[in-house]
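These notes concern the structure reproduced below.
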Amino acid sequence: MSSSDDRESILSRVRGALAPLHKRAAMPDYTTELAVMRQMMGSRDGLVVFSERLALVNAIALTDPVALVARLRENKWLHGYCDPALWPALAPHFGADFKVETTYDRKRVDDYAFGITRAVGAIAETGTIVLNDATTSRRLGALTPWVHIAVVERAKIFSDLPEAVAGLGQDTNVIWVTGPSKTADVEGILIEGVHGPGIQIALVV
Amino acid sequence: MRFQQIDQFAAELKADTRAAVYDGSKKGHEKRTKLLFDEYADPDRLRRIAGEVKQHVVENLDTYLPQVEAKLKANGVIVHWAATAEAANQAVLGIMRARGATKMVKAKTMVSEETELAHFLEKHGMEALETDLGEFIVQIDGDHPSHIVKPIIHKNRREIATSFEKNGLGAYNDDPQTITRRARHFLRHKYLEADVGLTGANFVSAESGRLVLVTNEGNSRFCLAATKCHIAMVGIEKIVPRDYDLALFLNLLARSGTAQELTVYTEFISGPKSPTQPDGPEEMHVIFVDNGRTEVLASDCRDILRCIRCGACLNVCPVYRQASGHAYRSVYPGPVGAVLSPLMMGDKFPQKADLPKASSLCGACHEVCPVNIPIPDLLLRLRNRAKEENVPSPGTPPMGAWALLASQPTAWRASLFGGKIINYLPTKLLPIPALRAWEAKRSLPAWRGGEFRKWLKTRKGRADFSPTAPSRAEAKKAD
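Protein chains in written order, with the numbering used here: chain C, 1431 to 1635; chain F, 530 to 1008.
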């Protein structure tokens, strides 16, 4: 059977299955406010909440490129990838001990200890960084390095999930990243840095 | 007389496995409860509304499926339909062959477990590698997942370390961090070599055609950053009406599944990569899979199609905790599996008709369900169906004698009195196998037949239970 035969057979079976129903369940009327966490209620500063929540998912909020560079140096994360659009502004903060590439070579995936890319926004409620295709220079550059630094504009922090969903926009690939990549598959023990970054940093500008 | 199949499995389970499953599921459940009740004034309201939204979708699939198909096509996605598991696998194979692809990396998808896609592709000369850590371990072990969300809940670190060693992933080391790093290192090169990335979808928005995928490890993101072709296998019931509804469902899914406020990677994918983006699929396929779902839709248990595969009902279920997932002989274990698996068998329903009996009907699964599925009711309906279809039920004690007594008031009263004899009998020595099996693990309480009737007759302010009294329903109508 071809896919179009299968289409017809599935849809006719669906119609057949639903035909005996006298009344179909109606769509409930609700507002997504009910899905917003209690402690988010009230009018707290987006950046404060974002930083707080970020810490809860074991990610790091920084507001100063100097602090970022110090942290990278301290951990000997000296080789990385940086979005070419961001590099001119960041380069003066990085010393000669760093090797930063503005092109990403997928053949040398293990060379990059860190990757710096732009975020399209963030979500305060959950400590989430929002990436998309238009803003992220390389999907791989934001994923494969041990440390991912997302540059987030302060004005683009959504307060909660419903607001962030409303702001998904037209991009075909929107990714919400909430903390470092992690697993608890082995005996329920939390391990960070499975396939993606083990360290997730938001550099808020 | 022998045990029921699931009891038999539980009885033979290794103590290690039982402990692993018990602890894992219990911990998951406790964390979930704390999170929901700390953060929401009325978490039950969330569940009820989410359930109503999904019930609406299920009962209007005839409208939503063509709608979502049109939207996907408009987004540049190639849409396929597969009535059976075989058709779904063939569709994947066809796409791979057309592209000259030989290597696939797979994110976790339960639909592909249903169709046994990886085995199928391997048989046809393709490489199909699981990338979720748990699924990867299941794959190298030639095992099956035993939980919807935590596929290796039944394994401990020593077993994992042994299979890593056997599969050339380094010398024996059972440190979970080392295990994870080795998998990271091995798999990242596999992603980069692969031609095709396969995922499922947790939700599909009919409004925008967005596929929503959630993972914690980032493996699905890697599949879709490294490969040039994205294939998504999607059960036909995965639709939500609007993007607006996603916030509600994402909140419930992460909390119910893994007790997180949000999973680490939540992806909204509405088509192939943007032209300016160097990484990711240029081609995207969605395969809508039936594989028994329309069978479920036609039954009086269609509510089960609301399920968002969070695994909360597994974690809370006293039977699942004792028996483990493999006891259910199905892709979907636990309470949800006890409903879904027999139904998805179609004509072969009798083969799994015993599963709905593996429940004490305690109702915990209904209470935790993020889409409020009345699982105990559905289990009863399936028990009834098995009875009506005369499915033999080995291992359940015959109830014929009880039925005879219960339908004759005089005989019933006599038996309540006469039953007292059991208090004076050495029941453990009686040659009644069902009783012996039961008593092997429990002790029989003293016979108290007739106490309830005595109490009912003498209590104050008692209701009128005489045959001429109006029933409750009638009394209500009269109001």
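Ideal placement from N, C-alpha and C gives every residue a C-beta, glycine not left out.
By DSSP, does PHE532 (chain F) sit in helix, in strand, or in coil? What you label residue 532 (chain F) is simply residue 3 of the second sequence in a count that begins at 1. In the structure shown, PHE532 (chain F) sits in coil (DSSP, three-state: anything other than H, G, I, E or B).
Could you pull the start and end residues of the beta strand (DSSP E) that VAL741 (chain F) belongs to? One-based indexing of the second sequence puts residue 741 (chain F) at position 212. Run containing VAL741 (chain F): 740-744, per the beta strand (DSSP E) assignment.
Once the 5 residues before and after GLY553 (chain F) are set aside, which same chain residues still bring their CB inside 7 Å of it? Translated into the one-based positions of the second sequence, residue 553 (chain F) becomes position 24. These residues qualify, in order along the chain: LYS679 and ILE682.
Can you pull the chain C residues whose beta carbon is under 9 Å from the beta carbon of LYS802 (chain F), in chain order? The residue labelled residue 802 (chain F) in the question sits at position 273 within the second sequence. Within chain C, the residues near LYS802 (chain F) are ASP1563, ARG1569, THR1602 and ASN1603.
Could you run through the segment 573-595 of chain F and flag, in chain order, every residue whose CB is less than 8 Å away from some CB of chain C? ARG574, LEU575, ILE578, GLU581, VAL582, GLN584, HIS585, VAL587, GLU588, ASN589, LEU590, ASP591, LEU594 and PRO595
What does GLU1617 (chain C) touch in chain F if you count any residue whose Cβ is under 8 Å from its own? Counted from its first residue, the first sequence places residue 1617 (chain C) at position 187. Per Cβ cutoff of 8 Å: ALA549, GLY553, ASN685, ARG686 and PRO705.
Are the segment 800-815 of chain F and the segment 1609-1617 of chain C touching by the rule of at least three beta carbon pairs closer than 8 Å? no
Are TYR849 (chain F) and ILE677 (chain F) touching if we call contact CB-CB under 8 Å? Residue 849 (chain F) sits at position 320 when you count from the first residue of the second sequence. Residue 677 (chain F) sits at position 148 when you count from the first residue of the second sequence. Not in contact: TYR849 (chain F) and ILE677 (chain F) (Cβ atoms no closer than 8 Å).
Compare the beta carbon distance of HIS653 (chain F) and SER1433 (chain C) with 8 Å and say whether it is the shorter of the two. Locating residue 653 (chain F) in the second sequence gives position 124, where the first residue counts as 1. Locating residue 1433 (chain C) in the first sequence gives position 3, where the first residue counts as 1. Result no, Cβ atoms of HIS653 (chain F) and SER1433 (chain C) do not sit closer than 8 Å.
I'd like to confirm the pairing. Which residues does DSSP put opposite SER1589 (chain C) in its beta bridges? The sequence position of residue 1589 (chain C) within the first sequence is 159, counting from 1. Paired residue(s): none; SER1589 (chain C) is not in a bridge.
Can you list the residues of chain C that PHE797 (chain F) reaches, using a CB-CB cut of under 7 Å? Position 268 of the second sequence, counting from 1, holds the residue named residue 797 (chain F). Neighbours of PHE797 (chain F) on chain C, chain order: LEU1598 and VAL1604.
ALA1491 (chain C) to LEU1484 (chain C), Cα distance in whole Å? Here residue 1491 (chain C) refers to the residue found at position 61 when the first sequence is read from its first residue. Here residue 1484 (chain C) refers to the residue found at position 54 when the first sequence is read from its first residue. Approximately 7 Å, taken between the alpha carbons.
Taking C-beta pairs closer than 7 Å, name the residues in chain F that PRO1592 (chain C) reaches, listed in chain order. Counting from one through the first sequence, the residue named residue 1592 (chain C) turns up at place 162. Result: ALA776.
is_contact[ASP1436 (chain C), chain F] using C-beta, thresh 8 Å: As a position in the first sequence, residue 1436 (chain C) is number 6, starting the count at 1. Yes, because at least one Cβ of chain F sits closer than 8 Å to the Cβ of ASP1436 (chain C).
Counting only C-beta atoms, is VAL900 (chain F) closer than 8 Å to chain C at any point? The residue labelled residue 900 (chain F) in the question sits at position 371 within the second sequence. It does not; no Cβ of chain C falls within 8 Å.
Consult DSSP for ARG1548 (chain C) and reduce its assignment to one of helix, strand or coil. Here residue 1548 (chain C) corresponds to residue number 118 of the first sequence, with the count starting at 1. Strand.
Starting from the C-beta of VAL1582 (chain C), find all residues in its chain whose C-beta is less than 6 Å away, skip the five residues before and the five after it, and write them out in chain order. In the first sequence, residue 1582 (chain C) corresponds to position 152, counting from 1. Only ALA1549, ALA1552, ALA1632 and VAL1634 meet the Cβ criterion.
Could you work out which residues of chain C lie near VAL845 (chain F), taking near to mean beta carbons separated by less than 7 Å? Here the question's residue 845 (chain F) lines up with position 316 in the second sequence. What VAL845 (chain F) touches in chain C: nothing, since even the nearest Cβ is about 16 Å away.
So does the segment 867-878 of chain F actually touch the segment 936-955 of chain F, counting three or more Cβ pairs closer than 8 Å? no
Does the separation of the CB atoms of LEU908 (chain F) and SER922 (chain F) fall below 8 Å? As a position in the second sequence, residue 908 (chain F) is number 379, starting the count at 1. As a position in the second sequence, residue 922 (chain F) is number 393, starting the count at 1. No, the Cβ-Cβ distance between LEU908 (chain F) and SER922 (chain F) is not below 8 Å.
Based on Cα-Cα distance, which residue from F:SER692, F:ALA783 and F:GLU766 lies nearest to THR1608 (chain C)? Translated into positions along the first sequence, residue 1608 (chain C) becomes position 178. When only C-alpha atoms are compared, the closest one is F:ALA783.
Neighbourhood of VAL640 (chain F) by C-beta distance below 8 Å, restricted to the same chain and skipping five residues each side: Here residue 640 (chain F) refers to the residue found at position 111 when the second sequence is read from its first residue. For VAL640 (chain F), where only same-chain residues beyond five positions count, the Cβ hits under 8 Å are ALA617, GLY729, MET762, VAL763, GLY764, VAL818 and ASN820.
Locate the beta strand (DSSP E) running through LEU1492 (chain C), then write down its first and last residues. Sequence index remark: in the first sequence, residue 1492 (chain C) carries index 62 (1-based). Here the beta strand (DSSP E) through LEU1492 (chain C) covers 1490-1492.
Contact set between THR660 (chain F) and chain C, taken where Cβ atoms lie within less than 9 Å: Indexing the second sequence from 1 puts residue 660 (chain F) at position 131. HIS1625, listed in chain order.
Status (buried if at least 16 other CB within 10 Å, exposed otherwise) for LEU1573 (chain C): Your numbering for residue 1573 (chain C) matches position 143 in the first sequence. Buried, because 16 or more other Cβ atoms sit within 10 Å of the Cβ of LEU1573 (chain C).
SER1481 (chain C) classed as buried or exposed, judged by whether at least 16 other C-beta atoms fall within 10 angstroms: Reading the first sequence from its first residue, position 51 is the one you call residue 1481 (chain C). Buried.
If contact means a Cβ-Cβ distance below 7 Å, which residues of the segment 734-749 of chain F contact chain C? ASN745, GLU746, GLY747 and ASN748
C-alpha distance - LEU1570 (chain C) paired with LEU753 (chain F), whole-angstrom precision: Numbered from its first residue, the first sequence carries residue 1570 (chain C) at position 140. Numbered from its first residue, the second sequence carries residue 753 (chain F) at position 224. About 9 Å.
Taking C-alpha atoms, which residue in F:TYR794, F:LYS563, F:GLU664 and F:ALA540 lies nearest to VAL897 (chain F)? For the purposes of this step, residue 897 (chain F) is taken as the residue at position 368 of the second sequence. Of the listed residues, the one whose Cα sits closest to VAL897 (chain F) is F:LYS563.
May I ask you to check if the CB of ALA932 (chain F) is nearer than 7 Å to at least one heavy atom of the ligand ADP? No copy of the ligand ADP occurs in the structure displayed, which carries no ligand at all.
List, in chain order, every chain C residue whose beta-carbon is nearer than 8 Å to that of ARG713 (chain F). By one-based count along the second sequence, residue 713 (chain F) stands at place 184. Per Cβ cutoff of 8 Å: GLY1623, VAL1624 and HIS1625.
Can you tell me the Cα-Cα spacing of MET530 (chain F) and ALA1465 (chain C), whole angstroms? For the purposes of this step, residue 530 (chain F) is taken as the residue at position 1 of the second sequence. For the purposes of this step, residue 1465 (chain C) is taken as the residue at position 35 of the first sequence. Low per-residue confidence applies at MET530 (chain F): pLDDT is 44, beneath 50, and the placement is therefore not dependable enough to give any value.
Who are the near neighbours of CYS839 (chain F) in its chain, counting only those whose CB is closer than 8 Å to its CB and skipping five residues on each side? What you label residue 839 (chain F) is simply residue 310 of the second sequence in a count that begins at 1. Counting only Cβ-Cβ distances below 8 Å, and skipping sequence neighbours, we find ILE677, VAL678, LEU781, LEU782, SER785, GLY786 and PRO899.
Residues of chain F with CB closer than 7 Å to the CB of LEU1573 (chain C), please, in chain order. Here residue 1573 (chain C) refers to the residue found at position 143 when the first sequence is read from its first residue. Residues of chain F passing the Cβ test: GLY747, ARG750, PHE751 and ALA754.
Of the listed residues F:LEU777, F:ALA882 and F:LYS970, nearest to MET1467 (chain C) (C-alpha basis): In the first sequence, the residue the question calls residue 1467 (chain C) occupies position 37. Looking at the Cα atoms, F:LEU777 is the closest of the given residues.
The segment 606-621 of chain F: which residues have C-beta closer than 7 Å to a C-beta of chain C, in chain order? HIS609, TRP610, ALA611, ALA612, ALA616 and ALA620
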